[in-house]
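The opening position of the sequence shown corresponds to residue 30 in the working numbering, with each subsequent residue numbered one higher.
Beta carbons are placed, not taken as given, at the ideal position from N, Cα and C, and that holds for glycine.
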Amino acid sequence: MGENQGKRRREIVSAVSWPLDSLPEDFISKIVSLTSPRDACVAATVSKAFESAANTNVVWEKFLPPEYESLVPSSRNVSSKKKMYLTLCDEPVLIDDGTKSFWLEKATGKKCIMLSAENISIIWRDDPRYWEWVTIPEARFERVAKLLDVCWFQIRGRVNTRVLSPRTLYSAFIVFKKTDSCYGFKDVAIEAGVGVVGHEASTRSICFDARADGKSLRRRRRDIVKPEERGDGWLEVELGEFFNGGELMDSDEIEMSALETNGHWKSGLIIQGIEVRPAKNQ
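1) Would you mind giving the Cβ-Cβ distance between residue 160 and residue 153, rounded to the nearest angstrom? I have them listed as a contact below 8 Å.
2) Applying the 10 Å Cβ sphere with the 16-neighbour rule, what's the burial state of residue 311?
3) The beta strand (DSSP E) with residue 206 in it runs from where to where?
4) If you draw a straight line from the alpha carbon of residue 189 to that of residue 226, how long is it in whole angstroms?
5) Suppose the cutoff is 6 Å on Cβ atoms and the five residues either side in sequence are ignored; what does the same chain contact list for residue 57 look like?
6) Could you check how far apart the C-beta atoms of residue 184 and residue 149 are, in whole angstroms? I think they sit under 8 Å.
7) What does the alpha-carbon distance come out to for the pair residue 233 and residue 59?
8) Nearest-angstrom Cα distance between residue 115 and residue 166?
9) Ordered along the chain, which non-local residues of its own chain (more than five positions away) have a Cβ less than 6 Å from that of residue 286?
10) Please report how far the alpha carbon of residue 171 lies from the alpha carbon of residue 145, in whole angstroms.
11) Let me confirm a value: residue 30 is counted as buried when at least 16 other C-beta atoms fall within 10 Å, else exposed. Which label applies?
12) If you run the structure through DSSP and keep just helix, strand and coil, what is residue 66?
13) Please classify residue 282: is it buried, with 16 or more other beta-carbons within 10 angstroms of its beta-carbon, or exposed?
14) Taking contact to mean 3 or more Cβ pairs, one atom from each stretch, closer than 8 Å, check whether the segment 191-206 and the segment 300-308 are in contact.
15) Would you tell me roughly how many angstroms separate the C-alpha atoms of residue 266 and residue 117, rounded to the nearest one?
16) Specify, as a first and last residue, the run of the alpha helix (DSSP H) that residue 89 falls within.
17) Check whether the Cβ atoms of residue 128 and residue 147 sit closer than 8 Å, and answer yes or no.
18) Nearer than 7 Å: is that true of the beta carbon of residue 99 relative to any heavy atom of the ligand COA?
19) In whole angstroms, give me the CA-to-CA distance for residue 134 and residue 140.
20) Just to confirm before moving on: does the CB-CB distance between residue 50 and residue 78 stay below 8 Å?
21) Using the rule of at least 16 other Cβ atoms within 10 Å of the residue's Cβ for burial, across every protein chain shown, is residue 66 buried or exposed?
22) Do you know offhand how far residue 174's Cα is from residue 230's?
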């Protein structure tokens, strides 16, 4: 019944004549292009004239990043700018020799990026006693880092604000999995930090084990951030937020980190990388 009602609404909308329908299509397109991808999709439901105008290349090219042509492989047959936009939203592309993943947030068109484990600094990463580089089919990247055994856990990644969208509040996340033999993380607080290189970072306490009841952690620190499951089957835990002002001639290097050095031996994490995407609360 719900589908029939929705279909009837669309039929009614398409049959209605709106005063603005008489405007030239290119004029409507220019107006819609000044909004957002979400608003363009809403505008397309107003009338047939608006649907036609909202789906033009004039509109959707405005939502694409300037470098979009170099991001989508020429082998892909993308027939319109809207389809190219949706491709960059739904199918992240590998950049920088496969060490980073890039895509767009569908509702806003804002840039998102994931730094692979190979693109970030992991202490003792090249010592086979502590870390192992493995290939797993569900990862975006060719290799991910598997933790074998460490007592000093330290991960740091950096991203330049020039590759991100201006005037945007971003969140940074470590994306990971746990093996069946994972140990050493339950009830252990990890210090996370996010901030501009050379300045004091904003810090918080996180944990990698969602089974932790938090009682021991709360005795030492409050507001422990726990991991959440993602739609792609991985886990993520938020390291913190930062605002990208995005001045034309200005850029900052943002460092994101996770550190635990209290002597707890730990094993069984698989690190895919650090993801940076627009925060939910803008």
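Let's see:
1) 6 Å
2) exposed
3) DSSP places residue 206 in the uninterrupted beta strand (DSSP E) bounded by 197-212.
4) 10 Å
5) 82
6) 6 Å
7) 44 Å
8) 24 Å
9) Correct list, in chain order: 185, 222.
10) Using only the alpha carbons, I get a separation of about 9 Å.
11) Confidence is the limiting factor: at residue 30 the pLDDT is only 40, short of 50, which leaves the residue's position unreliable, though a coordinate-based value still follows. When all chains shown are included, residue 30 counts as exposed.
12) helix
13) Exposed, because fewer than 16 other Cβ atoms sit within 10 Å of the Cβ of residue 282.
14) Contact between the segment 191-206 and the segment 300-308 is present, because at least three Cβ pairs lie under 8 Å.
15) 24 Å
16) 86-92
17) With respect to the 8 Å criterion, residue 128 and residue 147 are classified as neighbours on the basis of their beta carbons.
18) This structure lacks the ligand COA; in fact it carries no ligand of any kind.
19) Cα-Cα distance, rounded: 6 Å.
20) yes
21) buried
22) 25 Å
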